[in-house]
Amino acid sequence: MQGRTKNRTPAVSRLAEARRVVVKVGSALLVDQASGRLNRAWLEALAQDLRRMRRRGQQIILVSSGAIALGRRQLGLPAGALPLEHKQAAAAVGQIRLAHAYKELLEDEHTAVAQVLLTLQDSEQRRRYLNARATLNALLELGAIPVINENDTVATAEIRYGDNDRLAARVAQMASADCLVLLSDVDGLYSADPNKDPAAEYFPEVRAITSRIEAMAGGSASDVGSGGMATKIAAARIAMDAGCHMCIATGHPLNPLKRVEAGARCTWFVPGETPVAARKQWISGSLKPAGRIQVDAGAAAALRRGRSLLPAGVTGADGGFERGDAVDVADPEGRVLARGLAAYSRADVLRIMGRRSSEIEQLVGFRGRDEIIHRDDLVLRSGAETEPEQM
82 MQGRTKNRTP AVSRLAEARR VVVKVGSALL VDQASGRLNR AWLEALAQDL RRMRRRGQQI
142 ILVSSGAIAL GRRQLGLPAG ALPLEHKQAA AAVGQIRLAH AYKELLEDEH TAVAQVLLTL
202 QDSEQRRRYL NARATLNALL ELGAIPVINE NDTVATAEIR YGDNDRLAAR VAQMASADCL
262 VLLSDVDGLY SADPNKDPAA EYFPEVRAIT SRIEAMAGGS ASDVGSGGMA TKIAAARIAM
322 DAGCHMCIAT GHPLNPLKRV EAGARCTWFV PGETPVAARK QWISGSLKPA GRIQVDAGAA
382 AALRRGRSLL PAGVTGADGG FERGDAVDVA DPEGRVLARG LAAYSRADVL RIMGRRSSEI
442 EQLVGFRGRD EIIHRDDLVL RSGAETEPEQ M
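In structure tokens:
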């Protein structure tokens, strides 16, 4: 069950008690700015933190910058701004070095390390979003640590995130994480740049992104990073809307995650909902249904008990919906009892309705999910769970 971290949880426990955690590592932490080499000692200490979290049962996703910075040195590219094709070339070289380092430090007989490269379109286009989400969930369930970066080798300017703060927030949203930690070169949110204004006010906790909070954004403090406070505030908005706690903390000291758990200075952004509640609110209130699926009395009763919708209980489908679209689910009397995200298009639903899940591959030509709508992607209409079951 996702979303164990509650708003009432003490700040020092939010990271320790989260079940699924996304950790974002900035370029300025991974790469020594003077030499352009990997900061090996720091990375080894981070790996110690991550292995400790894994031993207590937490699932970890790592969003890592650094590929371009590492590849730049290897290719002998000059300091300063680079044209897009040189950035992509540097990313292609640096990504191999970065992935090798994570594999060497994190992989053991119980843990595999997986490389996942994403672009903005992977989180904005619903089918690609669902594919990426399914892959991340499968990796985590199989005990792997996904290491994610933007796919800089193919992403053009118009389809790029441009920074890994927002990428990390999208990943947290995609994976229904309950905690996101942005390890960076700052130790939290201030009313002004504390390096320039000693009187700048520090904010240990934020519960709403107001215009005042947005006005506090500044630039990036490092030469190798692309994000500043503005991107972190944008990331906080995404994370909070997804029901995910987010923390901005300095990563420069060794064992930075252990320090956060021990109460080191940082800023926590506290959402009003858990990840599951936020996701279901989004499904029920923000998505316009693209069609309708009719179910029999047995399936309607199962949905009211919190079950997923299986092909065997489906009796019909209307509309032009595709995989990933929101659809209403109606009982035998035509009453809408739920809304959810369909794992199959209408054409495929019509092929598999009334059949067993084990027959799906034979009927549609590929091995998809056993459910037409998984219970995590389905929201009962208010009052539907109390309606009498039709037997």
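Read in order, the letters of the sequence shown are residues 82 to 472 in our numbering. A virtual CB, placed ideally from N, CA and C, is assigned to each residue, including glycine.
Asked: Measuring CB to CB, does Val408 end up less than 8 angstroms from Phe402?; Found: yes
Asked: Can you list, in chain order, the residues of its chain with a C-beta nearer than 7 angstroms to that of Ser365? Leave out the 5 residues immediately preceding and following it.; Found: Arg420 and Val460
Asked: Report all residues from its chain with a CB closer than 7 angstroms to the CB of Asp268; omit the five preceding and five following residues, and keep chain order.; Found: Ala330, Thr331, Arg346 and Cys347
Asked: Could you pull out every residue in the same chain whose Cβ sits closer than 8 angstroms to the Cβ of Ser438, ignoring the five residues on either side in sequence?; Found: Leu391, Pro392, Ala393, Asp451 and Glu452
Asked: Take the Cβ of Leu111 as the centre, count every other Cβ of all protein chains shown within 10 Å, and call the residue buried at 16 or more, exposed below.; Found: buried
Asked: Who are the Cβ neighbours of Gln375 in its own chain at under 6 angstroms, not counting the five residues just before and after it?; Found: Thr396, Gly397 and Ala411
Asked: Which runs of the beta strand (DSSP E), 3 residues or longer, sit entirely within the segment 104-140?; Found: none
Asked: Count the other C-beta atoms from every protein chain shown that fall within 10 angstroms of the C-beta of Arg137, then say buried if there are 16 or more, exposed otherwise.; Found: exposed
Asked: Specify, as a first and last residue, the run of the alpha helix (DSSP H) that Ser292 falls within.; Found: Ser292 to Ala296
Asked: Using the C-alpha atoms, what's the distance from Arg404 back to Ser426?; Found: 5 angstroms
Asked: I think Leu131 touches Ala182, with their Cβ atoms under 8 angstroms apart; what is that distance to the nearest whole Å?; Found: Rounded, the Cβ-Cβ distance is 13 angstroms, inconsistent with contact.
Asked: If I follow the unbroken beta strand (DSSP E) through Val174, where does it start and stop?; Found: No beta strand (DSSP E) contains Val174, which is instead part of the alpha helix (DSSP H) from Leu165 to Leu187.
Asked: Residue range of the beta strand (DSSP E) that Met434 falls in?; Found: Met434 -> no beta strand (DSSP E), and no H or E assigned at all.
Asked: Does the segment 136-150 come close enough to the segment 168-176 that 3 or more CB-CB pairs lie under 8 angstroms?; Found: yes
Asked: Between the C-alpha atoms of Ser145 and Ser108, what's the straight-line distance to the nearest angstrom?; Found: 8 angstroms
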